[in-house]
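Encoded as structure tokens, the structure appears first; notes follow it.
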Amino acid sequence: MSTSDQQAGKWGSLELVSAPQVEAGELASIHLRFVAGGAGLFPGGTVSIDTNSDSDWAPPQLGDASADGYLKVTPPAGRAVSVHTPDHKSIVITLQSGELKSGESIDIVLGDRSGGGGGLRAQTFYEPRRNFLCEVDPTGDGTHGSAEMAVLRIAGGNAESLSAIAPSDIEVGSSFALLLKAEDRWGNPAERYRGTVEVSAPGLILPDGNSLAFDEDDAGVRRIDGAVFTEAGATRIDLEDAQNGLSASSNQVRITQELPALKLFWGDPHSGQIADASKIGDYFTYAKEVSGLDFAGYQRNDSAHSTDDYDVQQVQEKAFHEPGRFVPLPGFEWSGNLAAGGHHNVYFSRFDLPMKRWNGADRLGRPGETDLPHVRDLYNYYRGTDTVITPHVGGQHADLQFHDPTLEPAVEVTSTHGSFEWILRESIERGYEMGFVGGNDCHTGRPGDDRPGHQERRYSKGGLTGVYADELTLKGILSAIKAKRVYATTGARIRAAVTVDGHFIGEKFSCSNSTCEIRVSVEGTAPLERIEVYRGLELVHTEHLAGPPTGSRIRVLWDGASRMSSYSGISWDGYIDVGDGEIGDVSPVRFDSPRSRYERAGVSRIDVAGWACGYPSGVVVDLTDKSGSKIKPDIEITVVLDSQLIIGETFGLHGEVGPRRMALAPGDSVRVSATLEQLADRAARVELGHLNRSVTLELAPEPATDRADFTVIDDGVLPGVNPYWVKVVQQDMEMAWISPVFADYMP
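The sequence shown begins at 1 in the numbering used here and counts up one residue at a time.
As structure tokens, this is what we get:
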């Protein structure tokens with residue numbers, strides 16, 4: 001008898017009665033049935049259903065059968081149950097009277113439609129297997145076992161956009177792989193997409209022609225091996241599906257006669273918060289085949305990661321290791337609380353090394369395993385090895401009063417939690433010589449391309465790390481991270497390079513005069529807005545790259561974070577009123593979360609809501625005149641915004657303590673008004689005094705260029721180490737933070 005048969009025999013089973021697949025983000029009705037096993041169910045006994053990992057399903061409700069999200073639980077006739085939903089992923093059913101004998105069942109419908117409700121909103125992310133686990137305590141005395149689980153597939157929706165990913169460095173005449181993806185509104189592969197895509201770029205030849213028809217086997221993603229460029233240059237690869245009105249351009253690629261010594265690779269070093277270890281293979285498949293990453297790390301919180309699951313992780317890391325194409329970064333997340341030093345990622349330069357937890361060896365480990373209860377213990381244990389550690393802002397933020405420069409070459413500054421320039425600045429303020437990396441830190445199994453969806457603890461698209469390495473190997477990638485030849489982006493594959501007096505990103509050099517030459521080269525994925533050059537915390541130059549405004553479009557941006565900690569997003573609500581003008585087209589700017597939205601409230605007003613953390617978000621509004629004549633410069637625009645600051649997380653640590661609901665506190669309220677004529681002179685910007693919190697009303701700049709090459713001469717070099725770093729801001733508000741070059745000036 002199989003294990004599942006034994007489970008079903010004693011503890012029963014949870015069966016999926018409804019369709020085996022639902023569409024991501026759509027309303028669905030999911031019918032589950034618990035069938036009692038030989039142990040039965042008695043008064044006080046419980047059936048607990050748990051989806052076992054973070055998700056953004058809409059929480060079920062129990063009060064209104066005519067509304068969306070209604071949870072209906074039906075026991076056999078003559079039996080009574082109570083229903084408890086402790087959090088967004090659990091249901092506890094308690095038998096209050098009667099008895100459930102073997103073979104008898106309880107029906108559970110998530111999103112019941114029989115009373116008129118539309119269903120329950122499904123999670124927004126694609127997942128081959130969403131497990132509904134079932135624990136049964138027949139008498140309520142604490143003796144429980146696992147019933148056979150039900151499994152549901154979450155499919156991608158209709159195609160709303162296209163994307164293309166190519167290597168950043170390509171040799172003329174050498175074959176490379178081009179990855180094309182049709183995406184639904186949530187960034188998932190649009191599996192039903194059957195469009196024909198025309199692919200074009202100067203000198204690009206695809207093996208089967210440049211017109212590609214997607215079919216069922218593609219499931220929304222097509223990898224084209226054997227693509228070739230016949231001429232050198234820098235370009236982007238364009239896609240167009242004219243019939244479906246879809247178009248896109250790839251990341252910037254540079255084609256040369258010979259590959260450079262240092263090539264630009266892209267990866268997500270920090271994701272992998274997946275409770276079910278059997279999905280780790282799916283995780284690496286997504287990283288390699290869907291996100292088109294060169295490298296990825298599976299970084300499970302150590303206090304929730306058993307040694308058995310870590311063994312599975314190590315097997316998968318080795319199985320997916322393909323030098324030259326894809327490199328898993330072995331390691332784990334040391335997830336200390338703030339008092340212990342906060343969260344840090346740990347990376348190994350070889351496979352099969354043990355995990356040393358902050359907490360949990362007695363619960364999750366094997367005999368003889370011990371914990372490292374403070375970050376100082378972590379440093380002491382790994383000091384002198386080739387281990388790499390990076391602090392970050394995750395479930396707990398890293399406390400940068402603790403730092404070991406021999407182990408920590410970089411700090412993570414952006415993820416799905418948000419963007420945290422404050423931790424970058426803190427590292428500089430403390431005199432640390434650190435580079436900057438980005439990751440996803442996602443719970444959805446979508447490394448390299450995660451989106452926040454409706455998750456309460458996620459506010460932005462996932463970040464990426466660009467690495468300049470000599471080879472795509474484990475040694476090559478980690479050596480580059482140690483050398484700080486890295487930079488962080490908010491997910492866009494912005495190509496950037498910086499030298500100071502000829503020294504490249506991450507280098508430290510001695511200089512004998514007080515003048516430095518900084519050369520900056522950037523190739524964006526969208527029109528560039530500005531590039532900022534810093535010496536330490538001092539802004540020494542801003543290269544403005546946007547075109548002049550036309551005067552008929554305005555842009556409203558809100559920005560900032562609530563606190564220097566984890567879970568530090570801001571919720572904005574308000575309106576934009578254009579008085580005697582009329583609102584035409586409205587274009588969202590970095591509406592990463594579906595909580596960010598706008599609604600028209602008449603011809604002259606839109607209501608807006610924003611949900612963001614550490615990055616600018618907002619709208620561009622086209623203006624027209626109600627009379628149909630030329631827009632008058634005295635039209636007055638008014639922006640009113642109220643904010644709520646997120647001050648508490650949703651859950652206690654990683655499940656060690658009970659759930660805590662998201663806490664928000666009233667924040668700043670802002671009203672700003674200006675005429676078009678006044679905005680032509682200067683933007684109306686309200687600084688709110690902390691962590692870049694601000695509201696800006698301005699004329700919208702026009703796109704001008706996605707490339708920049710310039711030189712800055714800084715004659716203010718200070719005695720000691722001067723970290724020169726660069727921040728790139730595109731007009732779509734995607735950003736990059738380029739790691740410093742360290743100029744050590746000795747007068």
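No residue lacks a Cβ here, since even glycine has one placed at the ideal position from N, Cα and C. Predicted, not measured: the structure shown is a model, and the values here were computed from it.
Contact belief for residue i with residue j at Cβ below 8 angstroms, rounded distance in angstroms
i	j	result
N722	A708	About 22 angstroms separates the two Cβ atoms, so there is no contact after all.
G195	L246	7 angstroms
T398	H344	Looking at the sequence shown, residue 398 is not Thr but Ala. About 6 angstroms; that satisfies the 8 angstroms criterion.
D450	T416	5 angstroms
I760	T515	Residue coverage of the chain in this structure runs from 1 to 747, which leaves residue 760 outside it and unanswerable.
V22	A122	5 angstroms
L133	W57	The Cβ separation is near 15 angstroms, so there is no contact.
Cutoff 7 angstroms; reference residue i; Cβ partners in own chain excluding five residues on either side
i	result
F176	A166, P167, I170, A227
S427	L400, V411, M434
S18	S29, I30, H31
V537	Looking at the sequence itself, residue 537 is Leu, so the reference to Val does not match. These residues qualify, in order along the chain: R425, I428, E429.
E191	A155, G156, A219, G220
P409	V388, M434, G435, I481, K482, K484
Y283	G272, I274, Y298, G445, P447
Residue j beta carbon less than 8 angstroms from that of residue i
i	j	result
A680	L697	no
I280	Q252	no
R530	L545	yes
R505	K484	According to the sequence as given, residue 505 is Ile; it is not Arg. Result yes, Cβ atoms of I505 and K484 sit closer than 8 angstroms.
F214	R222	yes
D184	E160	yes
P447	G272	yes
I606	Y575	yes
R590	G716	no
S552	I631	yes
I274	G445	yes
L645	S562	yes
P527	Q299	no
G491	P701	no
G560	L691	yes
G584	L623	yes
Given residue i as reference, the closest of the options once Cα atoms are compared
i	options	result
L110	K101, P86, P128, Q61	Q61
P75	N513, T94, D87	T94
A752	I494, A674, T515	Outside the displayed span of the chain (1 to 747) sits residue 752, for which this structure offers no information.
D625	V619, D634, E582	E582
T711	I635, D241, G297, S521	S521
G720	F509, D585, W358	F509
R153	R383, A24, R595, S66	A24
N131	Y70, G98, D50	D50
L262	D470, E408, V672	D470
A39	S53, E104, G453, K727	E104
CA-to-CA distance, residue j to residue i, given in whole angstroms
i	j	result
T370	D362	8 angstroms
V59	S90	Note on residue identity: the sequence assigns Pro, not Val, to residue 59. About 9 angstroms.
G418	S146	37 angstroms
G44	R79	12 angstroms
E289	D352	24 angstroms
V686	I637	15 angstroms
T256	T406	36 angstroms
D225	D218	14 angstroms
F295	P328	6 angstroms
D308	G365	8 angstroms
I108	S82	12 angstroms
F265	G297	14 angstroms
F326	E127	22 angstroms
R129	V151	6 angstroms
G610	A234	36 angstroms
T542	A704	16 angstroms
T489	T285	22 angstroms
6 angstroms Cβ shell around residue i - same chain, five flanking residues per side excluded
i	result
V346	G331, F332, W334, I389
D68	G117, G118
G292	I165, L179
S349	D386, L478
G394	H343, D441
P740	P723, Y724, W725
G203	F229, T230, E231
E507	V741
A65	G115
Own chain, CB closer than 8 angstroms to residue i, minus 5 neighbours either side, in chain order
i	result
G37	Q7, A8, G9, K10, W11, G12, S13, S102, V136, A147
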